[in-house]
Amino acid sequence: MGSKSPEGHRQGPNEPPTGSVAAIINPPKPAAASGLVQGVLDGDDDDEEGDNDDHQNIGTDLKSGSQPNNDGKKRKRKNNEKKKKKTAKGQQTTPPRVPLPSIFHDQRYPEGEIVEYAACNDNLQRTTAEELRHRAAIKNMNDEFLTDYRQAAEVHRQVRQYVQSITKPGVSLSELAHEIETGVRALTGHEGIETGDALKAGLAFPTGLCLNNVAAHWTPNPGAKEVILQHDDVLKIDFGVHVNGRIVDSAFTMASNPVYDNLLTAVKAATNTGLKEAGIDARIDHISGEIQEVMESYEVEINGKVIPVKALRSLTGHNILRYKIHGEKQVPFVRSKTTQRMEEGDVFAIETFGSTGKGYTRDEVGVYGYGLNEHASTAGLHYASAKSLLKTIRENFGTLVFSRRYLEHMGVKNYHLGMRSLISNDIVECYAPLVDVPGSYVAQFEHTRGEQFGIAFNILYNIVNRVKQTLILSPNIIKAQATTKHIISGSYRGNVAYSSYEAESRFGMLVEDV
4 MGSKSPEGHR QGPNEPPTGS VAAIINPPKP AAASGLVQGV LDGDDDDEEG
54 DNDDHQNIGT DLKSGSQPNN DGKKRKRKNN EKKKKKTAKG QQTTPPRVPL
104 PSIFHDQRYP EGEIVEYAAC NDNLQRTTAE ELRHRAAIKN MNDEFLTDYR
154 QAAEVHRQVR QYVQSITKPG VSLSELAHEI ETGVRALTGH EGIETGDALK
204 AGLAFPTGLC LNNVAAHWTP NPGAKEVILQ HDDVLKIDFG VHVNGRIVDS
254 AFTMASNPVY DNLLTAVKAA TNTGLKEAGI DARIDHISGE IQEVMESYEV
304 EINGKVIPVK ALRSLTGHNI LRYKIHGEKQ VPFVRSKTTQ RMEEGDVFAI
354 ETFGSTGKGY TRDEVGVYGY GLNEHASTAG LHYASAKSLL KTIRENFGTL
404 VFSRRYLEHM GVKNYHLGMR SLISNDIVEC YAPLVDVPGS YVAQFEHTRG
454 EQFGIAFNIL YNIVNRVKQT LILSPNIIKA QATTKHIISG SYRGNVAYSS
504 YEAESRFGML VEDV
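In this note's numbering, the protein residues as written are 4 to 517.
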């Protein structure tokens, strides 16, 4: 496109070419010399106007034949060199040629306008709800989370080790319960007498001491008849420790008579199988099927009769929530149809029960413990004793299950009437012992396992007090060998595993806890 002619060089259609001489003497300059391009680049238009004035004066002087009028003074020639404007640092040039990293040193580029969705569809809402549930499950899985669990596991290990040494025929079950509960309170440093102290750390639920056909939920109560352990008894010891509401739930079985060894071996192998199959995204129905297959492959001979070991149908493993021993997920010991999976952030009590009886349990007469229903209404509560007892339960136990011994340990008296009122109003739930048919024997083993991305930590509890080690297993770091396949393969699921346990295994390489 041609450049625009100066104002003084324009002529009418019949006018002579007045500027022809000037045009000959001053031939047209190239576009670059005219200042058009340079003026656009530099933004300097003043010098260009001055040049046009000089062109007009020179043309007039030549036409008239006179000399330029300098008024006796030598006219200084203007410097045609253009003054280039400097671009400040951190600013872009025109046209833009400065690389962006030179302007945005911290890589903080301008943000565009953020527009919220006017409406969300059903799929978006469903996905968001799932993500919120997942975030709620893993928000507490931090360094404090692991520290609390490891502390609770170590308390359980030391107390369990001592209890195994004193559990012999002739000992009373109330004495065993006293030793367990006293040890847990001493090692956690919380006696549970002051208001709210039991919620910081201590016992997670009543100590379970179940004999023979009693599968679960039996504990010695104050004033009840004393029960003495016999040589032919099969005793299941189940107690829990919590630190800041992080619960370690573990159980093991002891029997003095070797005739029950196969029963104990079957249940222990089934529990280790459940541990092996557990992990993030593991299907619970698959875990249940594997547990049943292993357990029911065993037989036990009692009094000359061969009896197959049966997995209990009416009890399950379960996930553990903070201050709640039972969550919403269950791990049956038999094949089941469920779409549930283990997820990151879950903590599971993987336990199994094997029986020589029918494999079903029923409620027995008696009281094991009590649990608060936090969502129940208290509108129908009228007795002052019930209101006072409810206040004590909320301040000292919350949603933790407790027993009569725990109330009396705090100095609570005359609580029976108030407790009946709380139970009748569905504010407190009462748990009864669970039993199989008389003459049968039930064994139990239980582990606590948590699922976190890159980490699976297990607290394994076995009855044999031979190896006490802390083992870190990693497929990329350590290739450990053991005589017990289930324990090794069950300690990790493709990542790193933390295990604290006692077992009959011999490992090729052991490392300390990190």
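We put the CB at the ideal spot given by N, CA and C, even for glycine.
Cβ-Cβ separation, residue j to residue i (assumed contact under 8 Å), whole Å
i	j	result
VAL431	TYR371	No, VAL431 and TYR371 are not in contact; Cβ-Cβ is about 13 Å, not under 8 Å.
ILE328	ALA180	Actually they are not in contact, since the Cβ atoms of ILE328 and ALA180 sit about 18 Å apart, beyond 8 Å.
ARG397	PRO225	The Cβ separation is near 22 Å, so there is no contact.
ASN265	TYR444	About 11 Å; that fails the 8 Å criterion.
LEU238	THR210	Going by Cβ atoms, the distance from LEU238 to THR210 rounds to 12 Å, so no, they are not a contact pair.
THR326	GLY401	According to the sequence provided, residue 326 is Tyr. The question's Thr does not apply to it. Yes, TYR326 and GLY401 are in contact; Cβ-Cβ is about 5 Å, under 8 Å.
VAL166	GLU147	VAL166 to GLU147, Cβ: 28 Å. No contact.
ALA227	LEU318	Between LEU318 and ALA227 the Cβ distance is about 24 Å, and since that is not below 8 Å, they are no contact.
HIS412	GLY195	7 Å
GLY282	MET345	6 Å
Whole-angstrom distance between residue j and residue i, CA atom to CA atom
i	j	result
VAL174	ILE240	14 Å
TYR386	THR395	15 Å
GLY453	ASP236	33 Å
GLU449	GLU304	24 Å
LEU437	THR364	6 Å
VAL162	LEU212	15 Å
ILE250	LEU278	18 Å
ALA379	ASP429	7 Å
TYR528	ALA352	In this structure the chain extends from 4 to 517, so residue 528 is not present and cannot be described.
LYS171	ILE310	26 Å
PRO113	PRO104	13 Å
ASN145	LEU214	39 Å
GLY362	ILE231	26 Å
LYS471	ARG160	Per-residue confidence for LYS471 stands at a pLDDT of 27, beneath the threshold of 50, marking its modelled position as unreliable; the derived number appears in the next sentence. Cα-Cα distance, rounded: 9 Å.
VAL440	VAL368	14 Å
TYR263	LYS390	48 Å
GLU293	LEU425	41 Å
VAL350	HIS137	13 Å
LEU190	ALA254	19 Å
With 16 other Cβ atoms within 10 Å as the buried cut-off, status of residue i
i	result
LEU135	exposed
ASN376	exposed
SER291	buried
GLN164	exposed
HIS234	exposed
VAL158	buried
GLN295	buried
ASN417	exposed
GLN447	buried
ALA132	exposed
ASN306	exposed
ASN399	buried
VAL297	buried
PRO335	buried
GLU1	No answer is possible for residue 1: it lies beyond the span of the chain, which begins at 4 and ends at 517.
GLU119	exposed
ARG111	exposed
GLY348	buried
ASP252	buried
THR451	buried
GLU116	exposed
Close beta carbons around residue i, own chain, < 7 Å, minus the five adjacent residues each side
i	result
GLY93	ILE106
SER177	PRO223, GLU229
LEU410	TYR418
ASN260	HIS234, ASP235
GLU299	PRO311, VAL312, LYS313, ALA314
Same chain only: Cβ atoms within 6 Å of residue i, ignoring 5 sequence neighbours per side
i	result
LYS332	ASN322, GLN343
ASP366	ALA435
THR1	No answer is possible for residue 1: it lies beyond the span of the chain, which begins at 4 and ends at 517.
GLN95	VAL101
LEU388	Checking the displayed sequence, the identity of residue 388 turns out to be Ser instead of Leu. Same-chain partners within the cutoff: LEU420, GLY421.
LEU324	GLY330
ALA258	VAL237
GLY522	Past the boundaries of the shown model lies residue 522; the chain is included only from 4 to 517, so the question cannot be answered.
PHE242	ILE183, THR210
Close-in-space but distant-in-sequence residues of the same chain around residue i (CB under 8 Å, 5 per side omitted)
i	result
TYR434	HIS220, VAL370, TYR371, GLY372, TYR373, GLY374, VAL404
ASP284	ARG344, MET345, GLU346
GLY199	GLU398, ASN399
LEU384	LYS390, LEU393, SER424, LEU425, ASN428, ILE430
Heavy atom of the ligand NAD within 6 Å of residue i beta-carbon
i	result
PRO225	Ligands are entirely absent from the displayed structure, and the ligand NAD is therefore not among its contents.
Query raised in the report: Should the segment 344–363 be called in touch with the segment 298–318, which here means at least 3 C-beta pairs below 8 Å?
Result: Result yes; three or more Cβ-Cβ pairs closer than 8 Å.
Report task. Evaluate the contact criterion for the segment 246–255 versus the segment 149–163: three or more CB pairs, one atom per stretch, below 8 Å. Result -> Short answer: they touch.
Report task. May I ask you to verify whether the segment 177–197 touches the segment 262–280, counting CB pairs closer than 8 Å and requiring at least 3? Result -> In short, these stretches do not touch, since the Cβ pair count stays below three.
Query raised in the report: Does the segment 334–349 come close enough to the segment 284–299 to have 3 or more Cβ pairs within less than 8 Å?
Result: The segment 334–349 is in contact with the segment 284–299.
**Report entry** Cβ contact (3+ pairs, closer than 8 Å) linking the segment 202–216 and the segment 138–148
**Finding:** Taking 8 Å as the limit for Cβ pairs, the verdict is that the segment 138–148 does not touch the segment 202–216.
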